[in-house]
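Undergrad:
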Amino acid sequence: MDALSRKAIDTPVPMDDDLDEPADEGGKGGYGPIRRKGEASESGIIFQPAEVEDVVIETVDETKGEGESDMPYSKPQFPALTPKEQGVKKQMRRVPVPPHRMTPLKASWVQLIDPIVEHMKLQVRMNTKRRAVEIRNSEHTPDIGYLQKAADYMKAFMLGFDQADAVALLRLDDLFIQSFEVKDVKRLQGDHLSRCIGRIAGKDGKTKYAIENATRTRISLCEDKIHILGSFANIKLARDSICNLILGSAPGKVYTKLRTVSKRLQERI
13 MDALSRKAID
23 TPVPMDDDLD
33 EPADEGGKGG
43 YGPIRRKGEA
53 SESGIIFQPA
63 EVEDVVIETV
73 DETKGEGESD
83 MPYSKPQFPA
93 LTPKEQGVKK
103 QMRRVPVPPH
113 RMTPLKASWV
123 QLIDPIVEHM
133 KLQVRMNTKR
143 RAVEIRNSEH
153 TPDIGYLQKA
163 ADYMKAFMLG
173 FDQADAVALL
183 RLDDLFIQSF
193 EVKDVKRLQG
203 DHLSRCIGRI
213 AGKDGKTKYA
223 IENATRTRIS
233 LCEDKIHILG
243 SFANIKLARD
253 SICNLILGSA
263 PGKVYTKLRT
273 VSKRLQERI
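In C-alpha cells, the structure reads:
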C-alpha cells in the first residue's frame, strides 16, 4: 500500500492550465516554423534579419532669404512671354452701334477709347460703313483677355450705360450684364406695357435710382428691354424687384423690401 500511495503522489496530474502553456522552445512540435537567426527550417530556408539604414531627419529653415538658402541650386526666374512670343495671332471684335447710340458715341468717343488704348494697348477704330466699333490686339497688348473685356465695355455703352459705369467692367472681374424683356415676365400690350415701364422708372426715375442704390447695380431701360449691370448676387436682387413691379406690385412694397435688402448688404460689409 505504501508503494502504491507513493507512486500516486509522484505521478503528475494534467490540469486545464497546462493547455495554455507555450510549447517548449527547443521542441519542434509547435504550430508554425521557429524562425531564428542562422537556423534552417525543415525546408532548408535560412531566415536572416534584414538590416535597414536609419532614417535621417533634417529640418529646413524657411526663414532664410534666397541668398542664405541651403538649396543646391537657385530657383530659376523666367520672364513672362509676350503674346507675340506665345504665337497669338491678331484677333478682332466688332461691336455694332444702334442708331439711337450714334450721337452719344460721337460725344464721348475720346473718353471711351482712352482706357482701351492707354492701359490695355488695344487698337480701336470706327467702321462707318458697317456702323460698328472694331477692336483688335497689338504687339504691345500684355494679355489677350483684354480684348474680350474691351468688347464687353463697348457693348455695355451701346446698351445705354454711362461711360463711367461701363468702365467698371475693365477694372473688376466679377461684373456681368443681364438682359431681359418685359414680356419674359408677363405679356403686356398697349397702355398696360407703358404703365409697367412707368412703374419701373418711377417719377423722374425715382424708383429706378432707388433699386440701383439699394442693390448696388446699374439699370438701363430701353423701351421694353431691361439691362442690369452688377455682380451676380446683386443682379438677382435687382431683377426680383423689377419683376415684382412688372407683375403689379405697388412701389411702396418694393421700397420696403429694398430697405431690408440694403440693411443686409451693409451688415455683410
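Just so we're aligned, residue 13 is where the sequence shown starts under this note's numbering, counting upward by one. Note that the Cβ used here is the ideal one computed from N, Cα and C, for glycine as well.
1. Suppose only complete runs of 4+ residues qualify. What are the alpha helix (DSSP H) ranges in the stretch 213-258, listed by chain order?
2. Can you tell me whether G172 is buried or exposed, with buried defined as 16 or more other CB within 10 angstroms of its CB?
3. Measure from the alpha carbon of Y165 to the alpha carbon of each residue in S150, D155, L181, then state which is nearest.
4. If I'm right that S206 touches K237 with Cβ under 8 Å, what's the distance once you round it to whole angstroms?
5. Alpha carbon to alpha carbon, what distance is there between Q135 and K102?
6. Assuming S120 and Q175 are in contact, meaning their beta carbons sit under 8 Å apart, how far apart are those beta carbons, in whole angstroms?
7. What is the rounded straight-line gap between the Cα of Y221 and the Cα of I125?
8. What whole-angstrom Cβ distance do M104 and I156 have, given they're in contact under 8 Å?
9. Among the candidates E151, I254, N149, whose CA atom is the shortest distance from the CA of I212?
10. Quick check: the Cα distance between D203 and I209, rounded to an integer number of angstroms?
11. Could you spell out where the beta strand (DSSP E) holding P154 opens and where it closes?
12. From the DSSP output, in three-state form, read off P116 for me.
13. According to DSSP, simplified to helix, strand and coil, what is P108?
14. Let's test the definition: count the other Cβ atoms within 10 Å of the Cβ of Y85 and tell me whether it reaches 16, buried, or not, exposed.
TA: According to the data block:
1. As summarised for the stretch 213-258, the continuous alpha helix (DSSP H) elements at least 4 residues long and confined to that stretch are 218-227, 244-258, given in chain order.
2. By the 10 Å Cβ count, G172 comes out buried.
3. Distance from the Cα of Y165 is smallest, within the candidate group S150, D155, L181, for L181.
4. Between S206 and K237 the beta-carbon gap is near 14 Å, outside 8 Å, which marks them as no contact.
5. Separation of K102 and Q135 (C-alpha to C-alpha, rounded to the nearest whole angstrom) is 11 Å.
6. Yes, S120 and Q175 are in contact; Cβ-Cβ is about 5 Å, under 8 Å.
7. Their Cα atoms are separated by approximately 27 Å.
8. The C-beta separation of M104 from I156 comes to about 12 Å, leaving the pair out of contact by the 8 Å criterion.
9. When E151, I254, N149 are compared, the shortest CA-CA separation from I212 is found for I254.
10. Take the alpha-carbon of D203 and the one of I209: they are about 10 Å apart.
11. From DSSP, P154 is part of no beta strand (DSSP E); its letter is neither H nor E.
12. Assignment of P116 by DSSP, reduced to helix, strand and coil, places it in the helix class.
13. DSSP places P108 within a strand segment (E or B) once states are collapsed to three.
14. Under the 10 Å beta carbon count, Y85 is surrounded by fewer than 16 other beta carbons and is classified as exposed.
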